[in-house]
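Engineer: Quick note on numbering: the sequence shown equals residues 10 to 142 in our numbering.
For glycine and all other residues, C-beta sits at the position ideal for the given N, C-alpha and C.
The structure under discussion is supplied below as structure tokens; questions concerning it will follow.
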Amino acid sequence: MNAGTDTREPRTPAAGGQAADRRPCDLVTVPARQGLEAVDILRRGAEPAVGPVLLVGRCDTLGFLVPPGTADRWDVPGSACTTAGRRPGGAPAVAGTGWLLPPGDGGSVTDPAMLRAALDEAARLIAAADGSH
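Here it is, written out as structure tokens:
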């Protein structure tokens, strides 16, 4: 894991957090480079709009917790969305994961429409940086 990464198990609520939010959630997974750009975009807004984010495996994939039902209509190229189980405190128990952004007290997840827009913008930024057209 990178320095500064919260390596608590995904089932552990944030330090000082209240009772875990046990509502269902889905999980959008994306390549780490695009995901990190999307996190920055979502955090730059007037009101930060990013919920808990997992680092998966060897930190080459990020997972955004999104509301249940998102997987049924997710169609963003280069990403996948699966029904994941429960939110923080009962978050997806994926072996080899840690929190990039741990769950907060509110138990909120990332809005799928805002995530879609951030991922699209991130893809454009990456293409421009790499000289792709």
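1) On a Cα-Cα basis, can you pick out the residue from ALA80, THR70, MET123 that is closest to GLY107?
2) Is it the case that the stretch 77-91 contacts the stretch 50-58, given that we only count it when at least three CB pairs across the two stretches are under 8 angstroms?
3) What is the C-beta distance between GLY60 and LEU74, in whole angstroms, given that I count them as a contact (C-beta under 8 angstroms)?
4) Within 10 angstroms of the Cβ of PRO111, are there 16 or more other Cβ atoms? Answer buried if so, exposed if not.
5) Residue ranges of each alpha helix (DSSP H) run of no fewer than 4 residues wholly in the stretch 26-82, ordered along the chain?
6) Look at the alpha carbon of GLY78 and the alpha carbon of ASP139, and state the distance between them as a whole number of angstroms.
Structural biologist: Working from what's here:
1) Nearest C-alpha to GLY107: THR70.
2) Flag = no, the stretch 50-58 and the stretch 77-91 do not touch.
3) The pair is a contact, with the Cβ atoms about 5 angstroms apart (cut-off 8 angstroms).
4) In the assembly as shown, PRO111 is a buried residue. Its beta-carbon has 16 or more other beta-carbons within 10 Å.
5) 41-53, all fully within the stretch 26-82.
6) Going by the C-alpha atoms only, they are around 34 angstroms apart.
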